[in-house]
Amino acid sequence: MKKWAMFSLFSIACVFAVGLMLFNMPKPPVEETAPEGMTLVKIVANGDFTFGEAEYKVKVGEKVRLKLVNKAGIHGAGIKEFNIDLKDGQMEKDMTFDKPGKYEIFCSIMCGPGHNTMKSYLIVEA
Ligand SMILES: [Cu+2]
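Dropping the structure here:
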C-alpha cells in the first residue's frame, strides 16, 4: 500500500515536471513594448549586412520609439535628416516626425564588406 502511494506520488511529480518543462521551455520571447501611446519601431540589423525590413513606416505626428537591435554583428542606424544615429550606447530614440517623406536609414558603423549598401528606409506617412 505504501509502495503504491509512493509510486503514485512519484508519477504525479513526473507528470507535473514534464508539464512544467513543456509549458516553460522554451521560454517565449518577452514582447517588447513602447510606453503607452507610443509606437515601437524595432529596426533589426542582421549579420548579412541587411536591415530586417526594407521599409519602416510611421505616421506624421505619431510618437515613435526607434530601437535598433543588432541580431548579429555590430551596426548602427542613422537617419541624416533627423540627426538620428542609433548605436551602442544609445540604441533607442523617441521621435515624433512632422515631415512626411522617405528617409534613408543607413548603417553608421563600419561593420564589414556589405556596410556601404546596408540600407533601409523610414517612410513617414502624412
Ligand atoms: Cu555598417
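Read in our numbering, the sequence shown has 63 at position 28, and its numbers run on one by one without any break.
Built from N, CA and C at the ideal position, the CB exists for glycine as well.
Distances taken from the Cβ of Ile78 to the heavy atoms of ligand 1 include none shorter than 6 angstroms. Asn105 has Ala80 as its beta-bridge partners, per DSSP. Residue side-chain check: Met126 keeps its Cβ at 6 angstroms or more from all non-hydrogen atoms of ligand 1. The stretch 95–115 and the stretch 140–153 touch, with no fewer than 3 CB-CB distances between them shorter than 8 angstroms. In the DSSP annotation of this structure, the continuous segment of the beta strand (DSSP E) that includes Ala112 starts and ends at Ala112 to Ile114.
Within 10 angstroms of the beta-carbon of Ala48 lie fewer than 16 other beta-carbons, which makes it exposed.
If you check the CB distance, Phe45 and Gly149 do not come in under 7 angstroms. The residue from Tyr156, Gly87 and Ala161 with its alpha-carbon nearest to that of Asp133 is Ala161.
In this structure, Lys102 sits away from Asn81, with a CB-CB distance that is not shorter than 7 angstroms.
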